[in-house]
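Worksheet: the structure to be examined is printed underneath.
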Amino acid sequence: MASRSFQYFLVSFLVVLVLSAKPGLGTAVRKVTRCTERERQALLHFKHRLVDDHGLLSSWGDEQDKKDCCRWRGVHCSKRSSHVVKLHLPAPPTEFDGVYQSLRGQISPSLLELEHLTHLDLSFNDFEGIPMPSFLASLTKMQHLNLSHANFTGSLPTQLGNLSNLLSLDLSLNEDLHSGNLEWLSHLSSLRLLDLSHVSMSKATHWSQAINKLPYLIHLNLGDCNLPPLTTPSLSHVNSSAPLAFLDLSDNYDLASSVYPWVFNFSTTLVHLSISKSNLNCLIPDAYGNMISLAYLDLRACALKGEIPESFGNMSSLTYLDLSENQLQGAIPDAFGNMRSLKYLDLSQNQLQGSIPNTVGNLASLERLYLLVNRLRGSIPEAFGNMSSLTYLDLSSNQLQGSVPEAFGSMTSLSELHLSSNRLHGSIPEALGNMSSLKYLDLSSNQLQGSIPDTVGNLPSLERLYLSKNLLQGSIPKAFGNMSALTYLDLSHNQLQGSISDELGNMTSLTELLLSQNQLQGSIPDTVGNMISLEVLYLPDNQLQGSIPDTVGNMISLEVLYLPDNQLQGSIPDTIGSMVSLQVLSLHGNQLSGSIPDTVGNLTFLEELYLDENKLEGEIPKSLGNLCSLQVLDLHGNNLSGQLPQDFLACANDTLERLLLFDNQLRGSVPHFTGFSSLQVLSLRLNQLNGTLPKSIGHLATLAELDIRSNSLQGTISEAHLFHLSELYLLDLSSNSLTFNISLEWVPPFQLASLLLASSKLGPRFPCWLRTQKYLIEIDISNSEISDAIPDWFWNLTSNANTFNISNNQITGTLPNLSSKFDYPLYIDMSSNFLESSIPRLPASLSLLDLSNNKFSGSISTLCAVSSPYLVHLDLSNNSLTGELPECWPHLKNLIVLNLENNQFSGKIPTSLGSLQSIQTLHLRNNNLSGGMPLSLKNCKSLRFIDLGKNRLSGKIPPWIGGSFPRLMVLNLRSNIFSGSICLELCQLKKLQILDLSSNNMSGTIPRCLSNFTAMIEKGSLTIVYNFSLHNSPMWYIHRAYVDSELVKWKGREFEYKNTLGLVKSIDLSSNKLMGEIPKEVTTLLELVSLNFSRNNLTGLIPTTIGQLKSLDVLDLSRNQLIGEIPTSLSEIDRLSTLDLSNNNLSGKIPRGTQLQSFNTSAYEGNPTLCGLPLLKKCQGDRAKEASNTYSHEDNIQQDGNDLWFYVSITFGFIVGFWGVCGTLVLNNSWRYSYFQFLNKIKDWFYVTTIINIARLQRGLQR
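Taking mature numbering (1 follows the signal peptide of the UniProt record, and there is no 0), I'd label the letters of the sequence shown as residues -28 to -1, 1 to 1235.
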């Protein structure tokens, strides 16, 4: 029954088409038909009002051979009456999509002379916004009227209701046409087809009632008409002998679910229904299951909710179903397996859950299936292997698990398979190699493991392959070289190893090759030069080595060459200049050396050039001036030298947007950059540029970032340097010698986000022009010679600031409540000023606060007022703070650095400090703290640095220190009142580099297990650095490196070590009451530079192996009771600059050695039985023997002979040596160049050595 009903409507629809074509059936009669003169003239008048740019009406005219208008293009006459019955003039398309050969102009009323006209088609012409002619309504015999896509505007003429014989009316795609009342449609009682899509009907509130009065309507298209929602019940569709079969209400965003009752009037007749992109916003009604004739259903993007009804399974005639872009939930119904006629199914972009039902495999006719972007789980059914008609399958962006089914191998019709962004695991099945029709395979963003099977190379039709973002291992199969049709290959973000095989060079159709972020090794094969179609070569973040092959120059189609972050070496090949299509060249982050080749200047289409962070030397080639399309030039982080010419990159002055030359060795002055109309970023920081900053910089109207930090610029900055920089948001002129001279009244044209002027001369007052800046995020005016109180207006600048640095000035006064002045600060540094009063209340979002080296006083109880979970760095050192340390440290539980040294704090170390489980460095030195170390500190297992020196701490050194701080590098407890023995547990601190327990009351012996301090055996890094992020929200964060420092007693004085602290390996146990011998195990700490056991009660011998400590610079064993001789091995320590063995019971002769005899006698005094230089006391039997000055006659003769041969040998050696070396230098350029380089290095070595020795001598004199 349903089948017969469908056939009935299909036949009815074909009747409409036949009727529309009927007037043209008599084309053979045209040869004998001649049009009437009246109609011919009318047509000529019609042509006269048109503009025919394309000669479409060239066959129309008065010439003799054009007299018969029935032969004119688009004109059809009746074979009986010779009257014009059809005017068919739609604009023909061009070869470009959406472009037509349109007629323009006006529609002449002369068409009214065509009284017998039944068919008028002027679609796709351009009537340039004229109103639709109402006089067309007088053509009462009209049956087919098509004025679609003809650029009519204004109101749709209601007079069209007079065309009572009309069968089809198409006024669609006139987007500036509107109609507020459709009542006129009720007069078109014969209408079968109505298309008003893209005509605005926002005010047609009763549109459905007008449609209901069209009893024979078969085809209705009201898509994108701005239809209002139905507010009154629709009338029944009465008197319909040809019920509605085609209904399109799509793209009506105000159409609501109230349209359903009207739509379901046609449940038994509709074949095509589209309500997509509306606002139905409801559950899907079960009534859809009654639409048994429906073949096409589009409900895409209708805000549908709930589950898909099981009743959909009743629509057995359905061939097309689109429910995508809704909010559907629940599982895919099993009943879908009943829709056996289905060819197209799209359920994508919903919230569907559950697994894919096995019944999907029953859809044997299905050709395209879209289930992407849902929440589907479970495995992919093996039943997909039964879908023999499927050509397109997209299951991407779900939560599917399990492996890729082997059954896919039987889907030989499939051309596209999308499985990306799921949770698939296991290996890629070899059976995929049987999918002979596959053109597109995407398995990216899963958890696939194992190697890529060789069978993938058997896919002869494959054009695009995506396997990125998995866990694939092994090498890239050589079989890939067989895929001659492949144009796109993405294997990036895996764990692929091995080298890139030569066979990849066989992929001559490949246009894009992406292998980034793997573990590929070896060199780039020469065969890449065979890939002549390649447009993108993307290999960053691997471990590729070797040089860039010369054959890259053969890839003349290459547009992007991206090889950064590898280990490529050698020079950049000259052949790179042959890649004439290249637009992006990135080689940054490698180890490339040599100079930048001049041939880079041949790349005239180059837009982006990244050669940064390599080892490139020499000058920047002048040939870069030929790159007239250049937008980005990044050469930072190399060893480039030379000067920048004043006309640098002048050819690209209209295109260059980013110029990054920072961190090189460029000299000379800053170029003028005149005429660079597009430049947005200019970064020249960390070079050796000198001179003044040119005023022409101020004319770079598009400049957003100006960064010339850390050069040697001098001179004055005036308004002229900044006058036209209206787009500037970052200004960094820090660490130069610039002086700002700007008038008090000047108003900058910019609003900065980053103001970085450290070490510039801004003072002595706060610059008034800063008060105009309302959006500052970074403020750094440290070390800028400001000696002023902070003005009230300055705090108005800080509300948005996350970085605030006014340190190292002479700023006076007090601070306000900082929590009211900053909204979300990260970093506040006001250290090294003259600020006073108490510590203010802090913002809760703060990550770093440094108020050190000021005059703050009082307690720090304000720290307890705010819980600051983001604070990681707090430095209040070198002030006059008093009182006890508060017990509120859990409020600051994420602290990493705490420095409260050099204050006047008293009381005990608070127990709550143990809650700082992230803390790495703790400085409480030089206060008045008493008591012992609280047991709670053992919870701070991340500690690397503890300095509690110069307090009044007492008790025993707790043994739990050894097991609680596995990362501890510095332990300083000096100048306290600790007593007891040195516990053996301290020897567990294997990473300890500095141990200072001096000036306490320690007793007992020195533990032999000190040899466990393995960090004192190994060479250390230069600094002790902590890297951490400062953040107060997921959006705001900056990375910071904190370099720790420590006061070390060195050669009798205290020195602060910071930038070289990592090299200091020191043990100081002096000024205690230690007894026993010096354990020989201490001499295994080969990297010790300072060893001080002085002022104890040590006895026994100095270990004979003391000479093993080759790095020792300071050795102080004075004021003990050591006996025996000084070991001769001590003379082997060349670096020893400070030695004190005084006031012991040493005896015997001081060993001979340059170092030991160079020390002052005070180093040995107090040892009564010690003798030998430098002491005046000579050792017994150590008398110089007189050498005999007389020779026998024979001796004189022998000596004369020896002298003769000695001088002959010198002369001969000089001749050979001089001409052998100098002659070679004269004749061989490369040897001469190397020789003078060697001399330069000798000169540098001699200079550095001299300076170091002078410094050592000065330190020695200071003692």
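All C-beta atoms in this analysis are idealised placements derived from N, C-alpha and C, irrespective of residue type, glycine included. Please read these numbers as outputs of a predicted model, since none were measured by experiment.
Within the stretch 195 to 278, the beta strand (DSSP E) runs of at least 3 residues that lie entirely inside it are, in chain order, 218 to 220, 244 to 246 and 268 to 270. The beta carbons of residue 1046 and residue 976 sit about 7 Å from each other, so the pair counts as a contact at 8 Å. Between residue 730 and residue 748 the beta-carbon gap is near 15 Å, outside 8 Å, which marks them as no contact. Approximately 6 Å separates the beta-carbon atoms of residue 200 and residue 174; this is inside 8 Å, confirming the contact. The DSSP-derived three-state label of residue 285 is helix.
Measuring C-alpha to C-alpha distances from residue 929 to each of 972, 226 and 818 identifies 972 as the nearest. In the three-state DSSP reduction, residue 671 falls in the helix class (H, G or I). Spatial neighbours of residue 129 in its own chain (CB-CB distance under 7 Å, excluding positions within 5 residues in sequence) are listed in chain order as 104, 106 and 109. By the Cβ neighbour-count rule, residue 20 is exposed, with fewer than 16 other Cβ atoms within 10 Å of its own. The DSSP-derived three-state label of residue 403 is helix. Per DSSP, residue 936 lies in no beta strand (DSSP E); the unbroken alpha helix (DSSP H) holding it starts and ends at 932 to 936.
With a threshold of 16 other beta carbon atoms within 10 Å, residue 903 falls short and is exposed.
Contact annotation: residue 636 and residue 602 have beta-carbon atoms that are not nearer than 8 Å. If you compare the alpha carbons of 360, 132, 171 and 152 with that of residue 159, the shortest gap goes to 132. If you draw a 10 Å sphere on the C-beta of residue 746, you find fewer than 16 other C-beta atoms in it, and that means exposed.
For residue 686, the enclosing beta strand (DSSP E) begins and ends at 684 to 689. Between residue 632 and residue 658, the C-beta gap is not smaller than 8 Å, which leaves the two residues out of contact. Residue ranges of uninterrupted alpha helix (DSSP H) with 4 or more members are absent from the stretch 331 to 381; none lies entirely inside it. Between the alpha carbons of residue 795 and residue 443 lies a gap of roughly 44 Å. Distance between residue 1140 and residue 780, taken at the CA atoms: about 53 Å. The continuous alpha helix (DSSP H) containing residue 11 extends over residues 9 to 20. Residue environment analysis places residue 861 among the buried positions, since at least 16 neighbouring C-beta atoms fall within 10 angstroms of its C-beta.
For residue 248, the number of other beta carbons within 10 angstroms of its own is at least 16, and it is reported as buried.
Shown here, residue 70 sits in coil according to DSSP, grouped into three states, outside any helix or strand.
Taking residue 148 as the centre and dropping the five residues before and after it, the same chain places the C-beta of 125 closer than 6 Å to its C-beta, in chain order. Under the Cβ criterion (8 Å, minimum of three pairs), the stretch 838 to 846 counts as touching the stretch 863 to 882. In this structure, the CA atom of residue 696 is about 27 Å from the CA atom of residue 736.
In this structure, 744 is the residue among 744, 757, 609 and 785 with its C-alpha nearest to the C-alpha of residue 768. Here residue 292 is bridged, per DSSP, to 268 and 316. In this structure, residue 1082 sits near residue 1105, with a CB-CB distance shorter than 8 Å. Short of 7 Å from the beta carbon of residue 690, and not among the five residues preceding or following it, lie these beta carbons of its own chain, in chain order: 713 and 714.
Judged by DSSP in its simplified three-state form, residue 452 adopts helix. Counting along the chain, residue 1039 sits inside the beta strand (DSSP E) bounded by residues 1038 to 1040. Sorting 504, 528 and 463 by C-alpha distance to the C-alpha of residue 513 places 463 at the top. Between residue 593 and residue 568, the alpha-carbon positions lie close to 7 Å from each other. Look at residue 159 here: in three-state DSSP terms it is helix.
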